[in-house]
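Position 262 of the sequence shown, counting from 1, maps to 264 under the numbering used here, and the rest follow consecutively.
Beta carbons: idealized from backbone N, C-alpha and C, even for Gly.
Since the model is a prediction, treat every value here as computed from it, not as a measurement.
The next block holds one structure in the form of structure tokens; read it before the comments.
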Amino acid sequence: YGADELYCGVSTPEWEEHFGGQWWINRRSPFGANIITWQSLSKIVELAHANDVPVSVTLNNSYYPAGSKKYLLRLAKKMVSELNIDALIVSDIAFLILLREEDIQTKIHLSSVGGCFNSCAVDFFASLGVQRIILPRQLRISEIESIVTKKSDEVEFEVFALNDGCFYEEGFCQTTHAFDTPFCLINWQIEFCNHSDVIEGMVVDEQLKELQEYLWYLNNCGCTFQKNGLPNGPCSLCLFGFFRDWGVKAVKIVGREASFYRKMRSLQLVKAVIDRTREGAATDEIREFARSLRETPEYCEKGYMCYFK
């Protein structure tokens with residue numbers, strides 16, 4: 003299927019013992035979304051490097067509790083020195099500064115959780131040693147074009163390609179995914195006081211209905227699949243031609259906690275559009291090709307599945 007890069011998360015027994023519970027080492031659950039043994043991580047890196055595929059590791063929670071950064075630094079140094087990890091995906095500014103001060107010998111990628119929204123922010127994060135920036139889902143297409151065309155000679159840029167929308171802006175989000183369901187996807191039962199008339203009440207009901215529909219799209223259309231087996235869910239596949247022309251370095255498939263089947267079918271979908279893009283197809287042709295693969299024109303027309311507007 004041909005992934006050019008891999009990324010993964012780790013969750014160590016030491017972290018769980020001292021800082022675990024509701025405080026995760028990265029933005030995904032330690033159960034099912036992270037590598038939990040050193041041997042497994044070592045084997046993954048070994049196999050990837052044997053196929054000339056780089057591996058990045060996420061240490062990208064928004065911020066970390068007191069005393070944890072020294073442990074994270076030791077862990078990062080060990081992964082770099084013993085496994086030759088190719089990059090660390092980081093968001094906490096204090097941890098970025100610590101990595102720069104320690105001159106850790108690997109690439110540093112800024113997570114979308116870091117919240118880079120303009121070219122001035124690019125300069126700031128580059129000054130902290132960041133070599134690639136993963137742009138947030140909430141940027142407009144015009145903003146991505148402006149940032150990348152101005153700064154792609156200085157740092158690399160990565161954008162989201164497929165799966166998992168985000169209801170809030172995750173760079174500013176202080177909610178948690180530590181419940182059985184992420185905070186933003188919980189169907190909160192809210193009682194509205196209507197002091198006007200029935201029509202206003204009907205409007206509120208309709209807006210709540212639209213909100214639930216929007217959340218359904220963000221949650222990979224209820225984690226469903228198309229008839230051809232390809233996954234439903236948010237994407238930016240239509241824009242790959244523009245990303246190529248502007249100088250975006252990489253596109254990211256989200257959902258490392260997903261099933262093996264969903265991962266592979268997601269990779270198959272993205273790879274097909276990437277291949278067409280690398281062949282030099284025009285932007286309009288790429289857009290039509292991507293939509294033809296999705297086989298859900300009604301979902302695409304709704305607009306809720308589009309990462310970037």
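Rounded straight-line distance, which links the Cα of residue j to that of residue i
| i | j | result |
| --- | --- | --- |
| TRP40 | GLU16 | 12 Å |
| LEU74 | ASN28 | 11 Å |
| ILE135 | CYS168 | 18 Å |
| LYS109 | VAL57 | 11 Å |
| ALA68 | LYS229 | 49 Å |
| ASN86 | LEU210 | 49 Å |
| ASP88 | PHE244 | 27 Å |
| LYS80 | LEU61 | 14 Å |
| ALA96 | ALA128 | 14 Å |
| GLY235 | LEU141 | 18 Å |
| ARG102 | CYS225 | 39 Å |
| GLY231 | PRO299 | 16 Å |
| GLY4 | ASP207 | 46 Å |
| SER13 | LEU295 | 36 Å |
| HIS20 | ARG76 | 15 Å |
| VAL55 | GLU212 | 42 Å |
| MET307 | GLU290 | 16 Å |
| GLU287 | GLU281 | 11 Å |
| SER154 | GLY117 | 17 Å |
| ALA283 | ARG246 | 10 Å |
| ARG258 | ASN36 | 8 Å |
| GLY173 | ILE46 | 29 Å |
| GLY1 | TYR66 | Residue numbering for the chain in the displayed model covers 3 to 311; residue 1 lies beyond these limits and cannot be assessed. |
| GLY305 | ASN53 | 38 Å |
| GLY11 | VAL250 | 23 Å |
| CYS302 | TYR219 | 10 Å |
| ILE38 | PHE227 | 29 Å |
| CYS122 | SER148 | 12 Å |
| GLY34 | CYS175 | 22 Å |
| VAL124 | GLU104 | 21 Å |
| GLU84 | PHE262 | 28 Å |
Own chain partners of residue i with C-beta closer than 6 Å, once the 5 adjacent residues on each side are dropped
| i | result |
| --- | --- |
| LEU239 | VAL275, ALA292 |
| TYR9 | SER58 |
For residue i, the first and last residue of its enclosing beta strand (DSSP E)
| i | result |
| --- | --- |
| LEU75 | It is not in any beta strand (DSSP E) - LEU75 instead sits in the alpha helix (DSSP H) that spans 70–85. |
| VAL253 | 252–255 |
| VAL92 | 89–92 |
| VAL132 | First-last for VAL132: undefined, no H or E at that position. |
| VAL157 | First-last for VAL157: undefined, no H or E at that position. |
| LYS109 | 109–112 |
Cβ shell of residue i (< 7 Å), same chain only, five flanking positions each side left out
| i | result |
| --- | --- |
| ILE255 | ALA163, LEU164, ASN165, SER268, LEU269, VAL272 |
| LYS71 | ALA96, PHE97, LEU100 |
| ILE106 | ALA78, LYS79, VAL82 |
| ASN222 | ASN165, ASP166, PRO233, ASN234, GLY235 |
| CYS237 | ALA163, LEU164, MET307, TYR309 |
| TRP25 | PRO67 |
| SER44 | LEU85 |
Distance between beta carbons of residue j and residue i, contact taken as under 8 Å
| i | j | result |
| --- | --- | --- |
| LEU241 | PHE310 | 7 Å |
| PRO233 | ARG264 | 5 Å |
| GLU7 | ALA252 | 6 Å |
| VAL150 | TRP248 | 4 Å |
| ILE146 | VAL161 | 7 Å |
| SER93 | SER113 | 4 Å |
| PRO32 | GLU18 | 7 Å |
| VAL115 | SER42 | About 24 Å separates the two Cβ atoms, so there is no contact after all. |
| LEU130 | HIS111 | Going by Cβ atoms, the distance from LEU130 to HIS111 rounds to 12 Å, so no, they are not a contact pair. |
| PRO138 | PHE119 | 7 Å |
Opening and closing residue of the alpha helix (DSSP H) in which residue i lies
| i | result |
| --- | --- |
| SER58 | Note, SER58: premise wrong, no alpha helix (DSSP H); beta strand (DSSP E) at 57–61. |
| LEU271 | 262–280 |
| TYR301 | 299–304 |
| ARG102 | 95–103 |
| SER294 | 285–296 |
| ARG246 | 242–248 |
| GLY224 | 222–225 |
Cβ shell of residue i (< 8 Å), same chain only, five flanking positions each side left out
| i | result |
| --- | --- |
| GLN214 | ASN189 |
| ALA50 | LEU8, PRO56, VAL57 |
| ARG30 | GLY11, ASN36, THR60, HIS179, ARG258, GLU259 |
- Message: Restricting to runs no shorter than 3 residues, where is the beta strand (DSSP E) found entirely within the region 6–41?
- Response: 8–11
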